[in-house]
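Student: Heads up: the sequence shown begins at 1 in the numbering used here, then just goes up one per residue.
Every residue, glycine too, gets a C-beta built ideally from N, C-alpha and C.
Before I ask anything, let me first share the structure, which is written out below as structure tokens.
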Amino acid sequence: MPTEFFKKTLDPVIALTAIAILDIFMFLLIGAWTVGGGETMMTGLIAQVFMGDELERLPFWTLVFDPDPTYWKIYISLGMLFGAFVSAVLSKEFYIRVPRRLSEWVMITIGGLLMGIGIRLAFVCNVSTFFGMGPEMNMGGYLAISGILAGAWVGSLIYKKILEG
């Protein structure tokens, strides 16, 4: 039964081995993979709907990411989102949580903006850092992972202090 598979926890060694093997094949077939590229392209397409030709005045959208609905990484991002949704529903762990306080909304917004700014400044994605640069033994990947973990730790301390205070 497929739902039984989602109810039990997968052995981390087996899961990480599978991810490493799949990452090798993915790198050999398509090169480095970033989720940020697909999400950036989706953002550009949405901005193009609202801004039209004015979007061309921003150099990023003409030099780096010219909005293109056929960009294949869009569909990887959507597939990952859909797969996570299906997995959560099948494991009966899907629920919608809405923050109750304004301070939570502010922290979520600031955190999301900082992540987005970091992705654009580094021109990489946090997912590709873990699953791409890490297994490739890239020193930049390890530095980025260290920064992500330190930022998550500091952010959780701030979040906890604000919620308790």
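What number of angstroms, rounded off, separates the C-alpha of W72 from the C-alpha of M41?
Tutor: 10 Å
Student: Among residues of its own chain, excluding the 5 on either side of G45, which ones have a beta-carbon nearer than 7 Å to its beta-carbon?
Tutor: Sequence inspection shows Leu at residue 45; the Gly mentioned does not correspond to that position. Closer than 7 Å at the Cβ level, and outside the excluded window around L45, lie P67 and P69.
Student: Counting only runs of 4+ residues fully inside the stretch 40 to 103, write out the alpha helix (DSSP H) ranges in chain order.
Tutor: 72 to 90
Student: Compare the Cα-Cα distances from G38 to each of L90, L10 and L81 and report the closest residue.
Tutor: Looking only at L90, L10 and L81, the smallest Cα-Cα distance to G38 is reached by L81.
Student: For the candidate residues K8, I145 and I158, whose alpha-carbon lies nearest to that of V127?
Tutor: I145
Student: Measuring alpha carbon to alpha carbon, tell me which residue in P135, G141, I162 and V64 is nearest A18.
Tutor: P135
Student: Please name the residue, chosen from V86, V98, L10 and G132, that lies closest to I21 on a Cα-to-Cα basis.
Tutor: Ranking V86, V98, L10 and G132 by Cα distance to I21 puts G132 first.
Student: Within 10 angstroms of its Cβ, does T129 collect 16 or more other Cβ (buried), or is it exposed?
Tutor: buried
Student: When the Cα atoms are used, what is the spatial distance from Y59 to Y142?
Tutor: Here the sequence assigns Pro to residue 59, which means Tyr is not the residue at that position. Put simply, the backbone Cα of P59 is about 30 Å away from that of Y142.
Student: Going by DSSP in three states, T129 sits in which element: helix, strand or coil?
Tutor: helix
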